[in-house]
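Written out below as structure tokens is the structure these notes cover.
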Amino acid sequence: MNKQTIALVGGTGSLGTLIGNAVLDKPGVQLRLLVRQGSRDKVAALEKRGAQVVEGALGADAGGALASLCQGASTIISAVQGGADVIIDGQTHLLRAARDAGVKRFIPSDYSLDLFKVKPGHIPTSEMRRQFALVADAERGDVEVVHVLNGGFLDRGVLFGFIRVIDVDKRTAYVWGDGKQPMDWTTYADTARYTAEVAIDERPVPRVFSVAGDVLDFEGLVHAYESGSGKKLRVERLGSLEELDARIDELQKAGPANLLAYLPLMYFRSILSGEGKLDELMNDRYPSIRPTTVREYVVKEGL
Ligand SMILES: NC(=O)c1ccc[n+]([C@@H]2O[C@H](COP(=O)([O-])OP(=O)(O)OC[C@H]3O[C@@H](n4cnc5c(N)ncnc54)[C@H](OP(=O)(O)O)[C@@H]3O)[C@@H](O)[C@H]2O)c1
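Using the numbering used here, the final residue of the sequence shown is 989, and nothing's skipped along the way.
Below you can see the structure in the form of structure tokens.
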């Protein structure tokens with residue numbers, strides 16, 4: 687039997703490595719990776735599991751490498767991170783190469799809250815992905831473009847780190863507004879598993895494919911942590927959502943280039959206000975995956 691070939695760009699990254707492994711877990715699938723010069727060591731474990739490597743980077747002069755990557759592939763998965771040169775221009779070159787090679791499906795590097803509903807100006811990284819989605823709609827030809835959305839990552843690095851709804855060391859949970867809005871959280875690993883399922887699915891997949899491991903309001907999140915860890919959290923109410931807007935404006939004006947000073951708050955605002963809430967969750971499409979809840983993650987990680 688001919689193996690289905692799935693090509694992945696960004697397979698050296700945090701999410702990309704997990705996607706690569708999730709694809710390799712599926713029987714009858716060949717994984718092909720685009721890897722930048724100097725980054726090959728990072729995919730040694732995937733290569734050991736049988737992944738093929740094409741050396742190259744996303745960019746205007748990547749033509750030959752992108753054609754080799756896409757040749758005979760059924761799906762291209764992107765899990766890259768970067769600025770507009772990567773997310774808009776780089777992924778556009780990749781999509782064109784996929785279209786020219788007759789690839790069936792393309793999964794761009796989104797993996798976020800509902801970036802299509804986030805207001806213009808609210809999150810610059812969502813803005814870039816929306817711009818790419820517009821290009822993709824115009825240029826995809828017969829390629830099925832599927833945006834995988836998963837809310838925020840439920841892991842140490844994001845829910846308990848970058849966005850820091852809960853600071854485990856300080857035993858404190860933070861909220862702006864009334865916290866009554868349900869929020870979507872999914873682990874990196876579950877997002878990777880759903881992405882692998884979308885990649886190999888022989889049926890048409892909706893343009894936006896949304897999943898969540900857990901949907902909780904702020905009180906529910908605090909309860910999930912407390913019951914999973916057996917530890918009590920102090921709750922710090924930081925102000926109204928209008929005060930959060932003002933805080934973001936202030937930080938942005940103080941240092942526009944210092945994106946990391948205000949980007950986490952921008953994500954938190956879109957989560958707490960509900961503008962980034964995922965609409966219809968499609969977990970049921972792949973019933974073999976039972977995604978991890980916040981409580982389960984806290985227990986498993988000993989948080
Ligand atoms: N929902 C959430 O809470 C959440 C949180 C974090 C991230 N995300 C999303 O998840 C996705 C993956 O993020 P991540 O944290 O896994 O990223 P990451 O660990 O920083 O990995 C980025 C990947 O992109 C590759 N890359 C960058 N520029 C490239 C280029 N020009 N050509 C080829 N490859 C290039 C890197 O390759 P090298 O190894 O060669 O540098 C690396 O493999 C992104 O879309 C990100 O926005 C979502």
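We put the beta carbon where it would ideally sit given N, CA and C, even for glycine.
Quick caveat: nothing in here was measured; it's all calculated off a predicted structure.
The shortest C-alpha to C-alpha distance from G745 to any of Q738, V766 and K856 is the one to V766. P810 is classed as exposed because its beta carbon has fewer than 16 other beta carbons within 10 Å across all chains shown. For the pair Y874 and V984, the CB atoms are not nearer than the 8 Å cut-off. Look at M952 here: in three-state DSSP terms it is helix. For a cut-off of 8 Å, the C-beta gap from L927 to G863 is around 4 Å, short enough to register as a contact. Measuring C-alpha to C-alpha distances from G699 to each of K712, V715 and A731 identifies A731 as the nearest. It is roughly 17 Å from the alpha-carbon of L704 to the alpha-carbon of T691.
In this structure, the straight-line span from the alpha carbon of R971 to that of K939 is close to 44 Å.
Annotation for D864: no beta strand (DSSP E) segment contains it, and DSSP assigns it neither H nor E. With 16 or more other Cβ atoms inside 10 Å of its own Cβ, K963 counts as buried.
Look at V772: its beta carbon is less than 7 Å from one of the heavy atoms in ligand 1. Its chain contains L720, V740, E741, G742 and A743 as the residues whose beta carbon lies nearer than 8 Å to that of A751, once the 5 sequence neighbours on both sides are disregarded; these appear in chain order. Closest by C-alpha distance to A859, out of V894, T872 and I849, is I849. Counting the other CB atoms within 10 Å of its CB gives R976 a total below 16, which places it among the exposed residues.
Set against 7 Å, the gap from the CB of G788 to the closest heavy atom of ligand 1 is not smaller. Inter-residue distance for V901 and K805 is about 22 Å (C-alpha atoms, whole angstroms). Counting along the chain, the unbroken alpha helix (DSSP H) around L781 starts and ends at Q777 to D786.
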